[in-house]
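Participant: My structure is below; once you've seen it, I'll send some questions.
Number of protein chains: 2
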Amino acid sequence: MTDITMIRSAAARLAGHARRTPLLSSPFLDDIAGRRVFVKPECLQHTGSFKYRGARSAISALDPDTRAHGVIAFSSGNHAQGVALAASEFGVPAVIIMPRDAPRMKIDNTRALGAEVVLYDRAGEDRDAIGATLSAERGLTLIKPYDEPQVIAGQGTTGLEIAEDAAALGIETADVLVCCGGGGLTSGIALALEADAPGLRARPCEPEGFDDATRSLSHGKIMRNAQTTTGLCDAIVTPQPGEITFPILHRLCGPGLVVSDDEALHAMALAFSRLKLVAEPGGAVALAAALFRTDEIEGDAVICTISGGNVDADVFQTALSRFA
Amino acid sequence: MTDITMIRSAAARLAGHARRTPLLSSPFLDDIAGRRVFVKPECLQHTGSFKYRGARSAISALDPDTRAHGVIAFSSGNHAQGVALAASEFGVPAVIIMPRDAPRMKIDNTRALGAEVVLYDRAGEDRDAIGATLSAERGLTLIKPYDEPQVIAGQGTTGLEIAEDAAALGIETADVLVCCGGGGLTSGIALALEADAPGLRARPCEPEGFDDATRSLSHGKIMRNAQTTTGLCDAIVTPQPGEITFPILHRLCGPGLVVSDDEALHAMALAFSRLKLVAEPGGAVALAAALFRTDEIEGDAVICTISGGNVDADVFQTALSRFA
């Protein structure tokens with residue numbers, strides 16, 4: 150199981166590879182939220198999302214002989230790009246199984262980063278069976294998107310940086326809002342904060358209709374989403390929290406926060422105008438919660454992740470047309 | 150006159166105030182340019198452009214009694230916001246004289262940052278006369294946008310950071326492309342590189358029709374633009390290089406680079422998709438030169454500034470519609 154020692158080891162393996170992202174702010178966002186807002190812009194991470202951290206952590210932790218056979222991953226896009234880049238850095242093959250309806254940019258980028266992309270139909274095909282066959286044939290190692298200790302350790306390095314920067318800013322207590330799909334980033338950050346900034350509390354943020362982590366936390370057990378389709382916030386849509394991530398969330402996190410798709414689009418427009426950052430819808434839900442769920446947040450400062458920026462231009466233009 | 154000692158002093162005064170921006174990159178941009186491309190994202194600076202550095206440098210260098218009366222500036226927008234924020238940080242009044250046709254966002258932001266905005270008509274009114282009257286009445290100190298040694302020193306801190314990060318990346322020789330209006334950023338960076346990275350060479354980048362710095366360098370004397378209107382790249386449109394900045398450019402810079410408005414828009418779209426950054430048209434001309442003027446650049450790496458990101462949504466959407 151992932152612990153702080155594993156996270157620190159992952160940080161050492163990522164040093165000089167993952168970008169050390171800052172905490173950004175804007176007085177205009179502070180005014181909207183009624184408290185100081187600090188943004189951890191993982192959209193600036195390599196491949197445009199935090200997923201590179203976990204992918205590089207997991208692939209760098211493999212025994213070299215195993216790694217040489219290559220890796221395989223299932224992903225709607227951001228994990229795919231992270232695995233593709235990390236595998237290419239080690240010079241090993243990567244096969245990525247992606248849903249046919251994933252954003253075009255994510256499919257194109259994954260291929261351009263050197264991976265072999267295998268598309269499947271979300272409704273009619275069994276991605277696990279496809280993956281099992283390919284893995285058996287080629288000796289590929291599966292890099293899971295979140296329910297994998299070394300992936301969680303890699304995402305947790307985000308939390309080490311948040312703890313360090315919060316301390317430098319004199320922030321001792323605050324909610325840390327995290328865009329949450331399967332819970333890899335949220336659980337990793339929660340573990341890092343437990344060790345390095347115990348006054349900071351991680352809280353998962355999700356889009357309406359896909360609030361499995363929020364409901365799981367409030368019920369104390371894993372709950373599934375009713376919908377199986379994807380939504381605007383495709384990057385963070387999973388059926389349920391992970392078997393490994395949920396116990397960590399349950400032990401360490403505050404209540405989840407849920408925002409509407411419109412609020413996510415509005416937050417994207419504000420990230421554009423006030424931070425000069427490109428956020429994808431799923432990557433903007435934590436900022437949306439910081440700005441529009443102010444009654445559910447405590448303290449005079451809030452920290453939130455922008456977990457990714459891989460958004461097609463038409464969706465971004467919708468956000469600007471409606472809210473900029 | 151600005152020298153490296155003044156730049157280092159400005160850096161000390163800016164420490165803990167100006168953001169320390171990184172150098173970002175993308176393998177996709179490297180492919181387009183045919184060499185490694187490193188981007189200095191000053192759009193992430195406070196107020197969304199590098200101008201905060203020079204404004205804070207100049208205002209922090211004033212004698213406190215003088216500063217207490219307040220400051221005044223002429224600006225189409227980015228210098229205005231930088232002066233407004235820096236003045237508010239010192240708790241002193243700021244009056245900003247802005248053209249009536251400046252982007253709405255820049256006028257709004259300057260007011261929101263606490264400054265008093267006085268609008269004038271670019272064609273029919275004499276901004277210098279308006280400024281002189283106000284300054285005399287209230288004892289305001291003029292903070293010039295570029296032809297002022299302490300402003301150049303502040304902008305030069307950008308060059309200190311570029312030199313430091315280039316050394317860490319092992320880049321010993323490269324062109325450093327700088328979005329150039331009056332030449333404050335370009336001359337400041339050139340002075341910093343002369344001292345800290347003599348293998349790096351600053352080169353001004355401009356939009357077609359407003360290439361006064363490029364023509365001035367090639368003629369060895371200050372040349373004016375024929376057009377007096379503003380253009381798409383409003384942030385970096387000036388009639389001519391400064392009397393103080395030009396001798397520095399002439400002594401230290403390589404030839405200028407000129408890009409079309411369409412190339413600037415294309416670079417904005419690529420900064421969106423590949424760097425997750427919001428660049429304004431004038432702030433994208435150096436990236437455009439790095440990507441689309443590859444025959445005019447030497448070496449296997451190029452560094453370029455994104456000087457600002459204060460762009461109205463409709464202009465940004467035009468860039469995405471046409472080039473994303």
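Sequence order for the protein chains is X and U.
Using the numbering used here, count along the first sequence one by one with no gaps and you end on 473.
Using the numbering used here, count along the second sequence one by one with no gaps and you end on 473.
A virtual CB, placed ideally from N, CA and C, is assigned to each residue, including glycine.
No experiment lies behind these values; they were computed from the predicted model shown.
List, in chain order, every chain U residue whose beta-carbon is nearer than 7 angstroms to that of Leu173 (chain X).
Facilitator: Leu193
Participant: Whose C-beta lies closer than 6 angstroms to the C-beta of Ile181 (chain U) among residues of the same chain, with five residues either side of it excluded?
Facilitator: Leu440
Participant: Kindly identify the DSSP beta-bridge partner or partners of Thr454 (chain X).
Facilitator: DSSP links Thr454 (chain X) through a beta bridge to X:Lys189.
Participant: So with CB distances below 7 angstroms, who are the chain X contacts of Gly197 (chain U)?
Facilitator: Listed along chain X, the residues sitting closer than 7 angstroms to Gly197 (chain U) by beta-carbon distance are Lys425.
Participant: Which residues of chain X have a Cβ atom closer than 8 angstroms to the Cβ of Gln466 (chain U), listed in chain order?
Facilitator: Proximity of chain X to Gln466 (chain U) at the Cβ level (cut-off 8 angstroms) is accounted for by Gln466, Leu469, Ser470, in chain order.
Participant: Would you mind listing the beta strand (DSSP E) stretches within the stretch 258-298 of chain U that are 3+ residues and don't spill past its ends, in chain order?
Facilitator: 265-269
Participant: Closer than 7 angstroms, Cβ to Cβ, to anything on chain X: give me those residues from the stretch 450-465 of chain U, in chain order.
Facilitator: Going along the stretch 450-465 of chain U in chain order, one finds Gly458, Ala462, Phe465 with a Cβ nearer than 7 angstroms to chain X.
Participant: For Val241 (chain X), does the three-state DSSP call read helix, strand or coil?
Facilitator: coil
Participant: Would DSSP call Met155 (chain U) helix, strand or coil?
Facilitator: helix
Participant: Is the shortest distance between the beta-carbon of Asn258 (chain U) and the beta-carbons of chain X less than 9 angstroms?
Facilitator: yes
Participant: So if DSSP puts Ser198 (chain U) in a beta bridge, which residue, or which two residues, is it bridged to?
Facilitator: Ser198 (chain U) is bridged to U:Gly457.
Participant: I think Ala159 (chain X) touches Gly319 (chain X), with their Cβ atoms under 8 angstroms apart; what is that distance to the nearest whole Å?
Facilitator: Not confirmed; about 27 angstroms, so no contact.
Participant: Compile a chain-ordered list of the residues in the stretch 254-288 of chain U whose CB is closer than 9 angstroms to at least one CB of chain X.
Facilitator: Met254, Asn258, Ala261, Leu262
Participant: Measure from the alpha carbon of Ala351 (chain X) to the alpha carbon of each residue in X:Ala222, X:Ala233, X:Ile246, X:Ala339, then state which is nearest.
Facilitator: X:Ala339
Participant: Given that a residue counts as buried once 16 or more other Cβ atoms are within 10 Å of its Cβ, and exposed if not, what is Thr335 (chain U)?
Facilitator: With a threshold of 16 other beta carbon atoms within 10 Å, Thr335 (chain U) meets it and is buried.
Participant: Going by the beta-carbon positions, is the gap between Ala243 (chain X) and Glu265 (chain X) smaller than 9 angstroms?
Facilitator: Glu265 (chain X) is positioned such that its CB atom lies closer than 9 angstroms to that of Ala243 (chain X).
Participant: In this structure, what does DSSP give as the bridge partners for Leu469 (chain X)?
Facilitator: According to DSSP, Leu469 (chain X) bridges with nothing at all.
Participant: Using only the alpha-carbon positions, how far apart do Asp449 (chain U) and Phe177 (chain U) sit?
Facilitator: Asp449 (chain U) and Phe177 (chain U) have their C-alpha atoms spaced approximately 15 angstroms apart.
Participant: Would you kindly work out how many angstroms separate the C-alpha atoms of Thr363 (chain X) and Glu392 (chain X), rounded to a whole number?
Facilitator: If I take the Cα positions, the gap works out to 15 angstroms.
Participant: Could you name the residues of chain U that Phe395 (chain X) contacts, counting a contact when the two beta carbons are closer than 7 angstroms?
Facilitator: In chain order: nothing, as chain U lies at least about 30 angstroms away.
Participant: Which residues share a DSSP beta bridge with Ile246 (chain U)?
Facilitator: U:Phe223, U:Val267
Participant: Just list the residues that DSSP pairs Asp474 (chain X) with in beta bridges.
Facilitator: The question about residue 474 (chain X) has no answer, for chain X in this structure spans 150 to 473.
Participant: In the DSSP output, which residue or residues are listed as bridge partners for Glu355 (chain X)?
Facilitator: X:Val407
Participant: Would you mind telling me which residues of chain U sit closer than 8 angstroms to Val421 (chain X), beta carbon to beta carbon, in chain order?
Facilitator: Per the sequence shown, residue 421 (chain X) should be read as Phe rather than Val. Residues of chain U passing the Cβ test: Val427, Ala462, Phe465.
Participant: Please report the distance separating the alpha-carbon of Ala416 (chain X) from that of Ala437 (chain X).
Facilitator: In this structure, the CA atom of Ala416 (chain X) is about 5 angstroms from the CA atom of Ala437 (chain X).
Participant: Ala416 (chain U) touches chain X at which residues, Cβ-Cβ below 7 angstroms?
Facilitator: Within 7 angstroms Cβ-Cβ: nothing; Ala416 (chain U) doesn't reach chain X, min ~14 angstroms.
Participant: If we ignore side chains and look at the alpha-carbon of each, how far apart do Leu401 (chain U) and Glu297 (chain U) end up?
Facilitator: 18 angstroms
Participant: Check the Cβ of Phe359 (chain X) against every Cβ in chain U and list those closer than 8 angstroms, keeping chain order.
Facilitator: In chain order: nothing, as chain U lies at least about 23 angstroms away.
Participant: Mind pulling the chain U residues with CB within less than 7 angstroms of Ala384 (chain X)?
Facilitator: Within chain U, no residue comes near Ala384 (chain X); the closest Cβ sits about 13 angstroms away, beyond 7 angstroms.
Participant: Checking contacts by CB at 9 angstroms: is Glu205 (chain U) closer than that to chain X?
Facilitator: Position check: residue 205 (chain U) holds Arg in this sequence, whereas Glu was assumed. It does not: the Cβ of Arg205 (chain U) has no partner Cβ on chain X nearer than 9 angstroms.
Participant: Would you check if the distance between the CB atom of Phe421 (chain U) and the CB atom of Ala375 (chain U) is smaller than 9 angstroms?
Facilitator: no
Participant: Hey, would you say His166 (chain X) sits closer than 9 angstroms to Gly203 (chain X), going by beta carbons?
Facilitator: no
Participant: Please list the segments of the beta strand (DSSP E) lying wholly inside the stretch 373-430 of chain X, counting only runs of 3 or more residues, in order along the chain.
Facilitator: 406-408
Participant: Under the assumption that Ile292 (chain U) contacts Ala233 (chain U) (Cβ atoms under 8 angstroms), give the Cβ distance between them as a whole number of angstroms.
Facilitator: Their Cβ separation, rounded to whole angstroms, is 11 angstroms, which puts Ile292 (chain U) and Ala233 (chain U) out of contact at 8 angstroms.
Participant: For chain U, is any of its Cβ atoms less than 9 angstroms away from the one on Arg169 (chain X)?
Facilitator: True, the Cβ-Cβ gap to chain U drops below 9 angstroms.
Participant: May I ask you to verify whether the stretch 272-286 of chain X touches the stretch 304-319 of chain X, counting CB pairs closer than 8 angstroms and requiring at least 3?
Facilitator: Counting Cβ pairs under 8 angstroms, fewer than three are found: no touch.
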